[in-house]
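Read the structure below first, then the notes.
Number of protein chains: 2
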Amino acid sequence: MQIRHPYHMFLGDAADQLAAKTAHGIVHWRRDWCLGQLRLPDCHADLGLPEMSISDAAAAGVRTLVIGVANRGGVVGENWISTILAALEAGMDIASGLHTRVADIPVVRDAAQAHGQQIFDVRHPDRSFEVGTGARRAGKRLLAVGTDCSVGKMYTALAIEKELTSRGVNCDFRATGQTGIFIAGEGVSVDAVVSDFISGATEWLAPENAPDHWDIVEGQGSLFHPSYAGVTMGLVHGAQPDALVLCHEPTRTHMRGLPHQPLPDIATCIEGHLNAAHLTNPGARCIGIAVNTSAMESEQTRKELLKRLAVAHGMPAVDPVLDGVAPLVDALEAI
Amino acid sequence: MQIRHPYHMFLGDAADQLAAKTAHGIVHWRRDWCLGQLRLPDCHADLGLPEMSISDAAAAGVRTLVIGVANRGGVVGENWISTILAALEAGMDIASGLHTRVADIPVVRDAAQAHGQQIFDVRHPDRSFEVGTGARRAGKRLLAVGTDCSVGKMYTALAIEKELTSRGVNCDFRATGQTGIFIAGEGVSVDAVVSDFISGATEWLAPENAPDHWDIVEGQGSLFHPSYAGVTMGLVHGAQPDALVLCHEPTRTHMRGLPHQPLPDIATCIEGHLNAAHLTNPGARCIGIAVNTSAMESEQTRKELLKRLAVAHGMPAVDPVLDGVAPLVDALEAI
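Going line by line, the protein sequences match chains A and B.
Positions -9 to 325 (the numbering used here) are the ones given, in order, by the first sequence.
Positions -9 to 325 (the numbering used here) are the ones given, in order, by the second sequence.
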């Protein structure tokens, strides 16, 4: 699976900006891959890209039509089909982040075959994996972990990849979720892998590499989230991380989606993820804390929080969006 | 999924007794469900059951032909098909523990449909699951965990179920692997569930129940096995266990299948599984250690080991096969 760029961003009839969250993430991190957007009547999302028809996009050299939008039930809208067929006819591949597979729609599948184009349903692994082994492999790896789901693990990983690249360090971002896969052009939705193969899929995703190469692996879930901790566990073992970054959102009152489930405290959370990591990499350490402080009330309280966390845990604590990740990358380069 | 008994045990042309390991387990725990065996020429396994043809088995009231045998590659032998078709024609369901699905063989699928019979491919979940929530539910649950794979978790759970039943305690064995599913007649192969749904599938398998009811949940893998710990983690969270039993095989020199991977020490292993269990059941405790001492050299060394473990960890330590599980069930009833 290698999604070809440039992309044309299809927003369908998205109900609001949030419905196009995936598309926004792609444009934020890969603005130069995104040539234009295509919106149907009644679309209430806007990526700020040039409006382009399918034929304009094809003329501009677009390789893939990206469906980076959520519809009710995660399915393809009936009124999207003609656009998708036109894109295939114009020589584009289709890449979709929807729950249901675009490749399962007979008319789309047949058109793709007829025109020799590919369909990427990025939520669904398109290959099988071996069982993981935990055997040590060369290269260095960082994994973003979290106190909860949706606390900025992907953003943090991408910011670290960008900072490392700007410092001339040989590195790759390894995507484990749908938005990350569009941004990397490849990857594995690990939560969709059969559970016997979670660590194996992660070993495949972040393979042996040059000793000074860093894989920056996107995290998923949390070992302290009762719904998804199995995914996280396999990811931690498979990534074999030399370094963890703990991601955190300080205004949460409970685990995402579970009002009855309290958040772990940060020390427990770091310790839990490190204990798991040590199984396949005894040298794993936590090198910093990435805090999404966007919901905090004042600059002073957020600065105080970051300082308190840094002192309490003996490692840098930053908001990757507001402060950047340079202190985290300094800590990484010190390994 | 509810596999109907009595069973007729089909051994095909099994290369040796080990190839019929699943069938042996079924006969051991559910002898009264197994009316006979059917072996092809060149079969080197023997369950000690009466030899019965398909028509004899049908006349005796068999409801299901069980394929509890491993073939090379986990596939159905070409020379098995006529027996399977005869069973369907005689009004039996088919239940298979093979890796590849019997229901995917067109001639078998068509025959099942024509005769109104069911095919159970027990390694493959036949339904989808919700994401787990970790919300507290009534009823009590025990989960067998282990220092490694294949250390007697299923045997221990079944022995505990049997002992509880003999004491008049309301309980159910909840199967999470193929042999267990044949023995229970139902269950979920959790390692074949999509990883997002491991804990949810386990919550479904061991649901809310009467306050004094015990679910005895079969364990899988180990939190300390780099290949399968994700499965174990979801199972621990979903089972929400009040009690854990740690299963152990003392002569292992490394984790099963991984010569480079050392075994965890028992205290670390108990602590790791308890820490995970406390996320969804803060009252979880480890009530005993089940040790497979069959490979130990003398009665004296095995007795000494069990005594040492009991003293060191402050809980009963028994070999379920040689000593029975009464001390474990005493500890369970004390909760």
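C-beta atoms are modelled at their ideal positions from N, C-alpha and C, and glycine is treated no differently.
Next on the checklist: So A:His227 contacts chain B; which residues on that side make the cut at Cβ distance below 7 Å?
Outcome noted: Here the neighbours are Pro216 and Ala219.
Checklist entry - Who are A:His238's beta bridge partners in DSSP? => result Per DSSP, A:Val281.
Item to check | Environment of A:Arg157 [buried if 16+ CB atoms lie within 10 Å] | outcome: Around the CB of A:Arg157, fewer than 16 other CB atoms lie within 10 Å, so the residue is classed as exposed.
Next on the checklist: Going residue by residue through the segment 56 to 92 of chain B, where are the continuous beta strand (DSSP E) segments of at least 3 residues, counting only ones entirely within it?
Outcome noted: Note on the segment 56 to 92 of chain B: whole beta strand (DSSP E) runs with a minimum of 3 residues are 83 to 86, in chain order.
Next on the checklist: Please report the straight-line C-alpha distance between B:His215 and A:Thr222, rounded to a whole angstrom.
Outcome noted: B:His215 and A:Thr222 have their C-alpha atoms some 14 Å from each other.
Next on the checklist: Strictly by DSSP, which residues pair up with A:Cys139?
Outcome noted: Answer by DSSP bridge pairing: none, since A:Cys139 is not bridged.
Next on the checklist: Considering only their Cβ atoms, is the gap separating A:Val97 from A:Ile71 smaller than 8 Å?
Outcome noted: Contact: yes.
Item to check | Buried versus exposed, by CB contacts within 10 Å (16 or more), A:Thr291 | outcome: With fewer than 16 other Cβ atoms within 10 Å, it is exposed.
Checklist entry - Is there at least one Cβ from chain B nearer than 8 Å to A:Asn263's Cβ? => result Inspection of the sequence shows that residue 263 of chain A is occupied by His rather than by Asn. No, because no Cβ of chain B sits closer than 8 Å to the Cβ of A:His263.
Item to check | Interface residues of the segment 261 to 289 of chain B facing chain A [CB-CB below 8 Å] | outcome: Gly262, Asn265, Ala266, Leu269 and Thr270: these are the residues of the segment 261 to 289 of chain B whose beta carbon lies less than 8 Å from some beta carbon of chain A, given in chain order.
Item to check | Boundaries of the beta strand (DSSP E) in which A:Ile206 is found, first to last residue | outcome: That run of the beta strand (DSSP E) goes Trp204 to Val207.
Next on the checklist: Does any residue of chain A have a CB that is nearer than 8 Å to the CB of B:Val141?
Outcome noted: Taking Cβ atoms only, chain A never reaches closer than 8 Å to B:Val141, which makes this a no.
Checklist entry - Counting only beta-carbon atoms, is A:Leu133 nearer than 8 Å to chain B? => result Not a single CB atom of chain B sits nearer than 8 Å to the CB of A:Leu133.
Item to check | Cβ-Cβ distance between A:Val183 and B:Ser43 below 8 Å | outcome: Contact: no.
Next on the checklist: Any beta carbon from chain A within less than 8 Å of B:Val65's own beta carbon?
Outcome noted: Not a single CB atom of chain A sits nearer than 8 Å to the CB of B:Val65.
Item to check | Top-ranked residue by Cα proximity to A:Thr241, from A:Val281, A:Asp232 and A:Asp202 | outcome: Relative to the Cα of A:Thr241, the nearest Cα in the group A:Val281, A:Asp232 and A:Asp202 belongs to A:Val281.
Next on the checklist: Please tell me whether B:Leu133 and B:Pro231 are closer than 8 Å, where the distance is taken between their beta carbons.
Outcome noted: At the C-beta level, B:Leu133 and B:Pro231 come within 8 Å of one another.
Next on the checklist: What are the residues in the segment 152 to 166 of chain B lying within 9 Å of chain A by C-beta distance?
Outcome noted: Nothing from the segment 152 to 166 of chain B brings a Cβ to less than 9 Å from some Cβ of chain A.
Checklist entry - Listed in chain order, which residues of the segment 12 to 37 of chain A have Cβ atoms closer than 9 Å to some Cβ of chain B? => result Here the close residues number zero.
Item to check | Rounded separation between B:Pro249 and B:His227 - CA only | outcome: So the two alpha carbons sit approximately 29 Å from each other.
Next on the checklist: Against chain A, does B:Gln108 count as a neighbour if the rule is that its beta carbon must be under 8 Å from one of theirs?
Outcome noted: Not an interface residue.
Next on the checklist: Looking at B:Met(-1): is its Cβ nearer than 8 Å to the Cβ of B:Cys33?
Outcome noted: Their beta carbons are not under 8 Å apart, which means B:Met(-1) does not touch B:Cys33 by this criterion.
Checklist entry - Roughly how many angstroms separate the alpha carbons of A:Ala4 and A:Asn199, rounded to a whole number? => result The alpha-carbon atoms of A:Ala4 and A:Asn199 are separated by roughly 41 Å.
Item to check | A:Val311 versus A:Pro317: straight-line alpha-carbon distance, rounded | outcome: Cα atoms of A:Val311 and A:Pro317: separation of roughly 13 Å, rounded to the nearest angstrom.
Next on the checklist: Could you compute how far the alpha carbon of B:Arg246 sits from the alpha carbon of A:Gly224?
Outcome noted: CA-CA distance, B:Arg246 to A:Gly224, rounds to 17 Å.
Checklist entry - So, does the CB of A:Ile188 fall closer than 8 Å to a CB anywhere in chain B? => result Chain B, which has a Cβ nearer than 8 Å to the Cβ of A:Ile188, makes this yes.
Checklist entry - Taking buried to mean at least 16 other C-beta atoms within 10 Å of its own C-beta, is A:His268 buried or exposed? => result It counts as exposed.
Next on the checklist: Using the three-state DSSP reduction, which class does A:Gln27 fall into: helix, strand or coil?
Outcome noted: Strand at A:Gln27.
Item to check | For A:Lys297 and A:Ile256, the rounded distance between their alpha carbons | outcome: Those two C-alpha atoms are separated by around 14 Å.
Checklist entry - Which word fits A:Glu41, buried or exposed, when buried means at least 16 other C-beta atoms lie within 10 angstroms of its C-beta? => result A residue is called buried when at least 16 other Cβ atoms come within 10 angstroms of its Cβ; A:Glu41 does not meet this threshold and is exposed.
Checklist entry - Rounded to the nearest angstrom, how far is the Cβ of B:Leu148 from that of B:Ile171, given a contact under 8 Å? => result Between the beta-carbon of B:Leu148 and that of B:Ile171 there is about 12 Å, and that puts the pair past the 8 Å contact cut.
Next on the checklist: Could you check whether A:Ile109 and A:Val56 sit closer than 8 Å to each other, using their CB atoms as the reference points?
Outcome noted: Result no, Cβ atoms of A:Val56 and A:Ile109 do not sit closer than 8 Å.
Item to check | Proximity to A:Leu75 [Cα-Cα], best of A:Asp36, A:Thr54 and A:Ala60 | outcome: Per the C-alpha coordinates, the member of A:Asp36, A:Thr54 and A:Ala60 positioned closest to A:Leu75 is A:Thr54.
Checklist entry - Expressed to the nearest angstrom, what Euclidean distance is found between the alpha-carbon atoms of B:Val66 and B:His114? => result So the two alpha carbons sit approximately 15 Å from each other.
Checklist entry - Just checking my contact of A:Asp162 with A:Asp100 at CB under 8 Å: how many whole Å lie between their CB atoms? => result Rounded to the nearest angstrom, the Cβ distance from A:Asp162 to A:Asp100 is 36 Å, too far for a contact under 8 Å.
Checklist entry - Checking contacts by CB at 8 Å: is A:Leu248 closer than that to chain C? => result Among the protein chains of the structure shown, namely A and B, there is no chain C.
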